[in-house]
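Only one structure is covered here, and it is reproduced in the block below.
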Amino acid sequence: MLAQIEKKMIDQATIDRIMDAAQIVDVVSDFVTLRKRGVNYVGLCPFHNEKTPSFSVSPAKGLCKCFSCGKGGSAVHFIMEHEQMNYYEALKYLAKKYNIEVKERELTNEEKQAQSTRESLFIVNNFACEYFQNTLKTHPDGRSIGLAYFRQRGFRDDIIEKFQLGYCTDSHEAMSREALQKGYKKEYLVKTGLCYETDDHRLRDRFWGRVIFPVHTLSGKVVAFGGRVLSGQTQKVNMKYVNSPESEIYHKSNELYGIYFAKQAIVKQDRCYLVEGYTDVISMHQSGVENVVSSSGTALTPAQIRLIHRFTNNLTLLYDGDIAGIKASLRGIDMLLEEGLNIKICLLPDGEDPDSFARKHNSEEFRAFIEANETDFIRFKTNLLLKESENDPIKRAELITDIVKSISVIPEAIVRDVYIKECSQQLRIEDKILVAEIAKLREAQSLKRNKPVSQQLTAEQAPASSHPTGSANSLSVSDAPPSEQPTYQSYIPQEGKEGQAFYRLERLILQAVVRYGEQVMFIDKDEQEQEHAITVIAYVVSDLEIDDLSFHNPLHRQILSEAATQLQQNPHFKAERYFLTHPNPVISQLSADLINVRYQLSKYHSKSQKIASEDERLLEVVPTLVTNFKYAIVTEELKHLLYALQEPNIANDNEKCDALMKRYNALREVQNLMAKRLGDRVVLQ
Numbered sequence: 054m055l056a057q058i059e060k061k062m063i064d065q066a067t068i069d070r071i072m073d074a075a076q077i078v079d080v081v082s083d084f085v086t087l088r089k090r091g092v093n094y095v096g097l098c099p100f101h102n103e104k105t106p107s108f109s110v111s112p113a114k115g116l117c118k119c120f121s122c123g124k125g126g127s128a129v130h131f132i133m134e135h136e137q138m139n140y141y142e143a144l145k146y147l148a149k150k151y152n153i154e155v156k157e158r159e160l161t162n163e164e165k166q167a168q169s170t171r172e173s174l175f176i177v178n179n180f181a182c183e184y185f186q187n188t189l190k191t192h193p194d195g196r197s198i199g200l201a202y203f204r205q206r207g208f209r210d211d212i213i214e215k216f217q218l219g220y221c222t223d224s225h226e227a228m229s230r231e232a233l234q235k236g237y238k239k240e241y242l243v244k245t246g247l248c249y250e251t252d253d254h255r256l257r258d259r260f261w262g263r264v265i266f267p268v269h270t271l272s273g274k275v276v277a278f279g280g281r282v283l284s285g286q287t288q289k290v291n292m293k294y295v296n297s298p299e300s301e302i303y304h305k306s307n308e309l310y311g312i313y314f315a316k317q318a319i320v321k322q323d324r325c326y327l328v329e330g331y332t333d334v335i336s337m338h339q340s341g342v343e344n345v346v347s348s349s350g351t352a353l354t355p356a357q358i359r360l361i362h363r364f365t366n367n368l369t370l371l372y373d374g375d376i377a378g379i380k381a382s383l384r385g386i387d388m389l390l391e392e393g394l395n396i397k398i399c400l401l402p403d404g405e406d407p408d409s410f411a412r413k414h415n416s417e418e419f420r421a422f423i424e425a426n427e428t429d430f431i432r433f434k435t436n437l438l439l440k441e442s443e444n445d446p447i448k449r450a451e452l453i454t455d456i457v458k459s460i461s462v463i464p465e466a467i468v469r470d471v472y473i474k475e476c477s478q479q480l481r482i483e484d485k486i487l488v489a490e491i492a493k494l495r496e497a498q499s500l501k502r503n504k505p506v507s508q509q510l511t512a513e514q515a516p517a518s519s520h521p522t523g524s525a526n527s528l529s530v531s532d533a534p535p536s537e538q539p540t541y542q543s544y545i546p547q548e549g550k551e552g553q554a555f556y557r558l559e560r561l562i563l564q565a566v567v568r569y570g571e572q573v574m575f576i577d578k579d580e581q582e583q584e585h586a587i588t589v590i591a592y593v594v595s596d597l598e599i600d601d602l603s604f605h606n607p608l609h610r611q612i613l614s615e616a617a618t619q620l621q622q623n624p625h626f627k628a629e630r631y632f633l634t635h636p637n638p639v640i641s642q643l644s645a646d647l648i649n650v651r652y653q654l655s656k657y658h659s660k661s662q663k664i665a666s667e668d669e670r671l672l673e674v675v676p677t678l679v680t681n682f683k684y685a686i687v688t689e690e691l692k693h694l695l696y697a698l699q700e701p702n703i704a705n706d707n708e709k710c711d712a713l714m715k716r717y718n719a720l721r722e723v724q725n726l727m728a729k730r731l732g733d734r735v736v737l738q
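In our numbering, the protein residues as written are 54 to 738.
Dropping the structure here:
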């Protein structure tokens with residue numbers, strides 16, 4: 054059955070037709086009221102609440118952008134974000150809008166193999182979801198046990214239907230037997246975790262005798278299941294809840310129960326409520342509070358936090374008043390603060406959890422209670438721990454350390470400062486002491502993210518595997534005299550250094566590649582006097598290769614490499630067009646962001662101070678950006694060496710200290726040579 058499913062994708066020619074037809078003003082106007090301002094249009098951003106229009110639409114560029122929250126891109130990106138579609142769903146949406154026939158091509162054997170397993174697992178999960186729903190509605194046990202349980206919990210039929218709740222009978226193989234009869238493969242039933250195989254190679258249903266809660270992805274696909282045993286079955290099983298195991302399509306740390314049903318309400322309310330269990334989410338939906346998700350009883354993971362952060366900066370955690378449970382969960386909340394979310398805590402009345410409280414109140418009453426009782430996380434944590442440490446100096450010192458640690462991970466300096474002042478008053482301690490401790494912690498966190506040279510290798514030249522990301526950039530700087538050219542390893546991580554000057558310059562170089570990549574900067578001659586047109590892409594690739602250097606961000610490296618390949622293969626290659634319509638939505642979104650920002654070339658003029666032509670500006674600016682990029686990396690390396698030289702184990706080891714000093718002095722010479730070459734144009738933006 055599954056083997057007969059055809060695997061297709063939209064061909065590039067059709068994508069180009071859709072992109073050409075999709076007028077950005079026309080597309081955005083379906084959802085946003087726009088008014089003309091100069092050559093562009095503006096309106097209220099649909100992705101966050103605002104009173105002053107900051108959402109700009111450029112017909113000339115075919116792009117939109119909110120200058121407040123930063124969201125935007127092409128017409129496809131707008132539909133992806135607004136309608137929560139994936140890339141191909143958004144393309145089909147626009148194709149339908151403009152009456153374009155979607156031409157799909159057959160995938161290659163390799164592409165089919167890559168997609169086959171994932172699609173098959175989703176198809177099997179969809180079958181199981183329908184099977185469980187049908188069992189709940191039509192099977193005698195489903196109605197008398199499963200449906201009776203849900204109705205006892207107060208769930209209406211429309212809510213049961215909305216969340217696709219189901220039931221699996223106490224037969225150990227009823228579901229697997231029907232799946233096999235309908236042609237679903239044993240391999241996929243096991244891989245999804247719906248079944249497991251016994252020692253004698255028989256299939257057993259994992260969820261027998263349980264009511265079923267399907268888990269949906271952000272796009273609404275059933276990715277996993279949770280099954281709760283009913284009270285009448287507890288003597289036969291050990292676990293109250295059974296969940297799908299990890300699979301090729303399901304990673305528990307990446308999913309949030311209810312996110313598919315909550316995403317639009319989260320955006321509209323600009324707040325997400327986080328609860329513990331399935332029934333908490335369902336009961337709150339039934340009461341009219343839909344901007345709620347569940348971590349399914351586990352601590353939040355970074356991936357789940359980022360999923361919430363896609364829709365809002367504001368998160369309220371709802372607790373049932375169990376202080377021991379709350380204290381245990383506090384340890385993971387620092388990750389939320391580090392992500393930049395605004396965290397609040399709301400304690401429900403004694404004896405109530407979100408499920409029971411929602412069944413007794415409508416949405417207005419529930420929201421009113423939360424607004425009246427929610428407390429800022431730092432304030433809540435301080436008050437909670439103060440009660441235990443009020444008369445114990447040692448515990449009080451531990452409390453201060455704990456609070457300071459939480460404040461230190463907050464990325465915004467202004468928010469940190471507000472918390473410092475407030476905690477200073479609550480804890481009755483001078484704010485300058487808190488400031489000093491937070492500064493120490495942030496410095497330690499910075500060093501931990503980017504360890505000093507001495508912690509990564511000895512003073513001798515290390516192999517590439519010593520690099521923290523798995524490969525080192527061995528940089529031989531060609532500005533130094535041939536006899537003195539030093540060779541050194543780059544110890545800067547590929548990711549996590551986005552605030553550094555070299556990373557911002559890397560983005561500027563990539564911006565030049567995307568916007569002007571195929572344009573000719575100058576004509577060069579080889580040894581045979583043959584002329585060669587040097588494009589922006591060719592210059593950047595060549596100049597980085599001279600020093601055996603590459604971009605630090607993997608996505609940036611992919612774009613540059615792909616640009617070079619396309620330029621060689623396609624004489625009509627246009628970088629901006631190619632990357633804006635790239636089949637990888639991450640690349641196309643990044644390209645749209647780079648195009649949307651006013652390009653830095655407008656700052657520069659030729660040496661004669663006249664208005665320079667575009668190719669003249671490229672010839673001056675692109676080499677300057679690349680050299681500035683190299684200069685910034687050398688500067689960063691020097692800083693790392695200084696950190697290493699200050700460490701006691703290095704300072705007390707003459708051999709290591711001398712080796713690092715030699716390297717430091719060599720890099721200083723390189724830095725000086727670069728500075729002379731750049732002159733007064735060294736501006737690390």
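Virtual Cβ for every residue (Gly too), placed ideally from N, Cα, C.
Nearest neighbour of residue i, chosen from the options [CA to CA]
| i | options | result |
| --- | --- | --- |
| Leu691 | Ile703, Asn702, Gln724 | Gln724 |
| His135 | Val80, Ile176, Pro106, Ala148 | Val80 |
| Pro676 | Ser614, Met574, Phe430, Ala421 | Met574 |
| Gln619 | Leu602, Ile587, Gly570 | Gly570 |
| Asn718 | Leu695, Asp706, Glu708 | Leu695 |
| Lys493 | Lys474, Ser461, Ala277 | Ser461 |
| His693 | Asn707, Arg721, Arg432 | Arg721 |
| Leu633 | Leu671, Asp596, Gln564 | Gln564 |
| Glu299 | Gly311, Ala148, Gly279 | Gly279 |
| Ile423 | Leu401, Leu602, Tyr184 | Leu401 |
| Lys124 | Tyr141, Leu144, Leu97 | Leu97 |
| Ser416 | Asp484, Asn344, Met388 | Asn344 |
| Ala425 | Gly404, Ala712, Ile212, Lys397 | Lys397 |
| Lys434 | Glu475, Ser224, Thr67, Ala645 | Glu475 |
| Cys399 | Phe555, Lys413, Arg432 | Arg432 |
| Asp406 | Phe314, Leu389, Tyr202, Leu371 | Leu371 |
Residue burial classification, residue i (beta-carbon count within 10 angstroms, cutoff 16)
| i | result |
| --- | --- |
| Asp83 | exposed |
| Val342 | buried |
| Asp532 | In this prediction, Asp532 has a pLDDT of 40, which is less than 50 and means its spatial position is unreliable; what the coordinates show is noted afterwards. Burial call: buried. |
| Met133 | buried |
| Met337 | buried |
| Val566 | buried |
| Arg90 | exposed |
| Gly262 | buried |
| Ser666 | Residue placement at Ser666 cannot be trusted, given a pLDDT of 48 that sits under 50; the coordinates are not used to answer. |
Three-state class that DSSP yields for residue i in the structure shown
| i | result |
| --- | --- |
| Pro464 | coil |
| His785 | A query on residue 785 cannot be resolved here, the shown segment of the chain reaching from 54 to 738 and no further. |
| Asp83 | coil |
| Asp253 | coil |
| Asp323 | coil |
| Phe180 | helix |
| Lys458 | helix |
| Val573 | strand |
| Thr588 | strand |
| Arg90 | strand |
| Gly126 | strand |
| Asp211 | helix |
| Cys117 | strand |
| Ala277 | strand |
Presumed contact (8 Å Cβ cut-off) between residue i and residue j, rounded CB distance
| i | j | result |
| --- | --- | --- |
| Ser229 | Cys248 | 5 Å |
| Val320 | Val334 | Wrong, their Cβ atoms sit about 17 Å apart, outside the cutoff. |
| Gln642 | His130 | 5 Å |
| Asp258 | Ala227 | 7 Å |
Original post:
Is the segment 247 to 266 in contact with the segment 215 to 230, if contact means three or more CB pairs nearer than 8 Å?
Top reply: yes
**OP:** State whether the segment 186 to 196 contacts the segment 237 to 253, with contact taken as three or more CB pairs (one from each stretch) at a distance under 8 Å.
**Re:** no
**OP:** Count the C-beta pairs between the segment 322 to 329 and the segment 297 to 307 that are closer than 8 Å, then say yes if the count reaches three, no if not.
**Re:** no
Original post:
Is the segment 71 to 79 in contact with the segment 110 to 119, if contact means three or more CB pairs nearer than 8 Å?
Top reply: yes
**OP:** Check whether the segment 229 to 238 touches the segment 195 to 203, taking contact to mean three or more Cβ pairs, one atom from each stretch, closer than 8 Å.
**Re:** no
Original post:
Any chance the segment 604 to 620 sits against the segment 578 to 594, with 3 or more Cβ pairs inside 8 Å?
Top reply: yes
**OP:** Answer yes if the segment 350 to 369 comes into contact with the segment 444 to 458, meaning at least three C-beta pairs across the two stretches below 8 Å, and no otherwise.
**Re:** no
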